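First comes the structure, then the notes that go with it.
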Amino acid sequence: MFEHIENLKLIEILQGVASIRRFYRDRPYHAFILRLSGSSRYEFGSKSVILEPGKILYIPQGADYLVEQIEPGQYLVLNFCATADMPPHLFDLSERVDYRHLCDRLRALCVVQTTADRYRCHALFYEILSYVSEEKGDYHT
Numbered sequence: 004m005f006e007h008i009e010n011l012k013l014i015e016i017l018q019g020v021a022s023i024r025r026f027y028r029d030r031p032y033h034a035f036i037l038r039l040s041g042s043s044r045y046e047f048g049s050k051s052v053i054l055e056p057g058k059i060l061y062i063p064q065g066a067d068y069l070v071e072q073i074e075p076g077q078y079l080v081l082n083f084c085a086t087a088d089m090p091p092h093l094f095d096l097s098e099r100v101d102y103r104h105l106c107d108r109l110r111a112l113c114v115v116q117t118t119a120d121r122y123r124c125h126a127l128f129y130e131i132l133s134y135v136s137e138e139k140g141d142y143h144t
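Quick note: to get the numbering used here, add 3 to the position in the sequence shown (first position is 1).
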């Protein structure tokens, strides 16, 4: 799925607490969203997915969507630029990856302070790309 991505640039890693319900219009960047705890429903028109720990949601740049909290919790967002034309996808990494460790590493890099931290951040981003690229046949739209 991500084998034809070009002009890739990690913009930022954000963390936060999920809001009750929010509508997003014309998303400015592509994103990978990971839930640390709790769960949320994402609606893309008539399609709906539930994001919970162990899964990564890809949302394309320009997407309009509704997010509704199911269970309170925290999340991480990796915003990035790329030349890519792909629909939203939900990837299940729970069996193959130490998801908790992955999230802990991402949280530690949310505040990038040094050049070394920035390189670690990019390395982790590429690691996530490798996980979702291996999951080509295991996604939901």
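Glycine is no exception: its CB is placed at the ideal position from the N, C-alpha and C atoms. The structure presented is a predicted model; accordingly, all values stated were derived computationally and were not measured.
Practice item. Look at the Cβ atom of residue 16, then the Cβ atom of residue 112, and state whether they are nearer than 7 angstroms. Key: Here residue 16 is taken as the residue at index 13 of the sequence shown, counted from 1. Here residue 112 is taken as the residue at index 109 of the sequence shown, counted from 1. Yes, the Cβ-Cβ distance between residue 16 and residue 112 is below 7 angstroms.
Check your understanding: Using the rule of at least 16 other Cβ atoms within 10 Å of the residue's Cβ for burial, across every protein chain shown, is residue 82 buried or exposed?
Key -> Numbered from its first residue, the sequence shown carries residue 82 at position 79. The residue is buried, with at least 16 neighbouring Cβ atoms inside 10 Å.
Check your understanding: I think residue 19 touches residue 41, with their Cβ atoms under 8 angstroms apart; what is that distance to the nearest whole Å?
Key -> Translated into positions along the sequence shown, residue 19 becomes position 16. Translated into positions along the sequence shown, residue 41 becomes position 38. The Cβ separation is near 12 angstroms, so there is no contact.
Exercise for review: Please confirm whether residue 80 and residue 43 have their CB atoms less than 7 angstroms apart.
Suggested key: Translated into the one-based positions of the sequence shown, residue 80 becomes position 77. Translated into the one-based positions of the sequence shown, residue 43 becomes position 40. For residue 80 and residue 43, no; Cβs fall outside 7 angstroms.
Exercise for review: Could you please give the first and the last residue of the uninterrupted beta strand (DSSP E) stretch that includes residue 134?
Suggested key: The residue labelled residue 134 in the question sits at position 131 within the sequence shown. It is not in any beta strand (DSSP E) - residue 134 instead sits in the alpha helix (DSSP H) that spans 118-137.
Practice item. May I ask you to verify whether the stretch 115-129 touches the stretch 59-74, counting CB pairs closer than 8 angstroms and requiring at least 3? Key: no
Exercise for review: Could you confirm whether any beta carbon from chain C is found closer than 7 angstroms to the beta carbon of residue 22?
Suggested key: Given the protein chain composition of this structure (a single chain), no chain C is represented.
**Study point:** Residue interval of the alpha helix (DSSP H) (run including residue 102)
**Key:** Indexing the sequence shown from 1 puts residue 102 at position 99. Where residue 102 is concerned, the enclosing alpha helix (DSSP H) stretches over 102-111.
Review point. What's the gap between the Cα of residue 30 and the Cα of residue 62?
Key: Within the sequence shown, residue 30 is the residue found at index 27, counting from 1. Within the sequence shown, residue 62 is the residue found at index 59, counting from 1. When only Cα atoms are considered, residue 30 and residue 62 end up about 8 angstroms apart.
**Study point:** Beta-carbon proximity list for residue 9, same chain, < 8 angstroms, skipping 5 on both sides
**Key:** As a position in the sequence shown, residue 9 is number 6, starting the count at 1. Excluding positions up to five away in sequence, the list reads 85, 86 and 87.
Review point. Taking all protein chains shown into account, do 16 or more other C-beta atoms lie within 10 angstroms of the C-beta of residue 33, making it buried, or fewer, making it exposed?
Key: As a working mapping, residue 33 is identified with position 30 in the sequence shown. Buried, by the Cβ-count rule.
Practice item. For residue 12, count neighbouring Cβ atoms within 10 angstroms of its own Cβ and tell me buried if that reaches 16, exposed if not. Key: Residue numbering aside, residue 12 sits at position 9 when the sequence shown is read from its first letter. Answer is exposed; the Cβ neighbour count stays below 16.
Review point. Distance, Cα to Cα, residue 47 vs residue 136?
Key: Numbered from its first residue, the sequence shown carries residue 47 at position 44. Numbered from its first residue, the sequence shown carries residue 136 at position 133. Answer to the nearest angstrom: the Cα atoms are 22 angstroms apart.
Exercise for review: Could you pull out every residue in the same chain whose Cβ sits closer than 7 angstroms to the Cβ of residue 123, ignoring the five residues on either side in sequence?
Suggested key: Looking up residue 123 in the sequence shown gives position 120. Closer than 7 angstroms at Cβ, skipping near neighbours: 112.
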